[in-house]
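>
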Amino acid sequence: MTLSGCVPYIFVKQTICFRVYFAGLIGLLLFLTAEARIGNSSESPFCTETKECLLYDLLCQTDDYEVRHYDAAKWVTTDEESYVFDKATYTAFMRLFKYINGSNNDGVKIDMTAPVIIKVQEKKRIWQSAIYTLSFLLPSAYQNDPPQPTDNKVYFTDLPDMKVYARTYGGYMVSLTTAYNSMQLKKQLDRAQASYNTEYYYAVGYDSPMKIMNRHNEVWYIAEGEPVCPSSP
Ligand SMILES: *[C@@H]1O[C@H](CO)[C@@H](O)[C@H](O)[C@H]1NC(C)=O
Ligand SMILES: *[C@@H]1O[C@H](CO)[C@@H](O)[C@H](O)[C@H]1NC(C)=O
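First residue of the sequence shown? That's 14 in our numbering, and the numbers climb one at a time after it.
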């Protein structure tokens with residue numbers, strides 16, 4: 014048995030399609046405004062430290078996870094290889110921070126946004142090093158034409174429109190909590206017979222280290238096919 018939480022979203026999509034069909038201009042406007050939803054953080058309960066935040070549509074949820082829809086968006090990205098998650102993410106974070114702090118061809122300072130996402134490849138063997146891919150979301154003002162980075166290890170990524178399974182946890186995002194929560198989510202998804210990309214997950218952070226209380230972190234797996242939200246027994 015699945016919940017019908019996905020229906021409102023599908024319904025909206027269909028409504029938009031009809032409008033495109035019957036009144037092209039209105040449809041186009043709706044389409045344009047629906048793209049890359051990077052919005053005021055006041056619209057998100059857990060974006061508390063930045064002006065802008067990546068917004069999403071909630072498709073359905075269980076006690077364990079949420080299924081969300083994100084629109085395509087442009088990110089600034091860098092890779093770091095290491096045996097240690099925490100070391101790699103610190104180095105990569107500082108490299109991206111320099112980019113938004115003015116190390117770009119226009120010498121402009123770009124506002125920090127939330128969340129910061131880290132793509133973590135599933136390790137084949139525990140003792141192998143791994144490549145951690147860290148990205149900052151570009152603010153809406155820089156989505157179309159961001160200044161070129163001066164560091165050649167920094168590049169842009171266009172993440173497509175996607176549906177994700179998201180699990181939320183508090184405290185600090187470090188290697189242990191990331192590994193534990195990705196494992197828990199994986200178990201829950203397998204139990205729900207969900208289809209998702211098993212090659213990697215995203216570790217997702219919303220808070221600076223200075224924030225102590227009510228910290229918010231997530232882990233995402235990318236959904237494949239129709240997302241599932243089984244109702245609790
Ligand atoms: C965000 O929303 C708040 C409250 O609704 C508003 O005061 C503020 O001006 C908005 N900020 C931006 C950048 O639009
Ligand atoms: C950010 O830029 C300012 C100068 O505009 C500089 O003083 C500061 O050290 C830079 N911060 C980092 C972490 O690079």
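Backbone N, C-alpha and C fix where the C-beta goes; we use that ideal spot for every residue, glycine too.
Computed from a predicted structure; not experimentally measured.
#1: Taking the CB atoms as reference points, tell me whether S57 and L68 lie closer together than 9 Å.
#2: Would I123 be called buried (16 or more neighbouring beta carbons within 10 Å of its own) or exposed?
#3: May I ask whether a heavy atom of ligand 2 can be found less than 8 Å away from the beta carbon of G238?
#4: On the premise that V232 lies in contact with Y214, defined as a C-beta separation below 8 Å, what is that separation, rounded to the nearest angstrom?
#5: Assign K137 to one of three DSSP states: helix, strand, or coil.
#6: For a test of your reading of the model: does the CB of G52 fall under 8 Å from any non-hydrogen atom of ligand 2? Yes or no.
#7: When the distance is taken between beta carbons, is A143 closer than 9 Å to K136?
#8: How would you write the range of the beta strand (DSSP E) that S95 sits in, first residue to last?
#9: In three-state terms, what does DSSP make of L38?
#10: Can you give me the start and stop residues for the beta strand (DSSP E) that T181 sits inside?
#11: Would the beta-carbon of I235 fall within 9 Å of that of K199?
#12: Let me confirm a value: W140 is counted as buried when at least 16 other C-beta atoms fall within 10 Å, else exposed. Which label applies?
#13: Count Cβ pairs between the stretch 82-90 and the stretch 179-191 that sit closer than 8 Å; are there 3 or more?
#14: Identify the continuous alpha helix (DSSP H) that holds D99 and give its terminal residues.
#15: Smallest Cα separation from A216: which of S244, N114, M186?
#16: Does DSSP classify S148 as helix, strand or coil?
Let me spell this out:
#1: For S57 and L68, yes; Cβs fall inside 9 Å.
#2: With 16 or more Cβ atoms within 10 Å of its Cβ, I123 is classed as buried.
#3: The answer is no for G238.
#4: Correct: roughly 6 Å between the Cβ atoms.
#5: Assigned with DSSP and collapsed to three states, K137 falls in coil, not helix or strand.
#6: Within the chosen limit of 8 Å, ligand 2 does not reach the beta carbon of G52 with any heavy atom.
#7: For K136 and A143, yes; Cβs fall inside 9 Å.
#8: Start and end: 86-95.
#9: Bear in mind that the predicted position of L38 carries a pLDDT of just 42, short of 50, making it unreliable; the figure below should be weighed with that in mind. Looking at L38 - three-state DSSP - the assignment turns out to be helix.
#10: Per DSSP, the unbroken beta strand (DSSP E) holding T181 starts and ends at 175-182.
#11: Taking 9 Å as the cut-off, the beta carbon of I235 is found no closer than this to the beta carbon of K199.
#12: Burial state of W140 is exposed, judged by a 10 Å Cβ sphere holding fewer than 16 other Cβ atoms.
#13: Too few Cβ pairs lie closer than 8 Å, so no.
#14: Membership of D99 in the alpha helix (DSSP H) is indicated by the continuous run 98-113.
#15: Check the Cα spacing between A216 and each of S244, N114, M186: the tightest is with M186.
#16: The DSSP-derived three-state label of S148 is strand.
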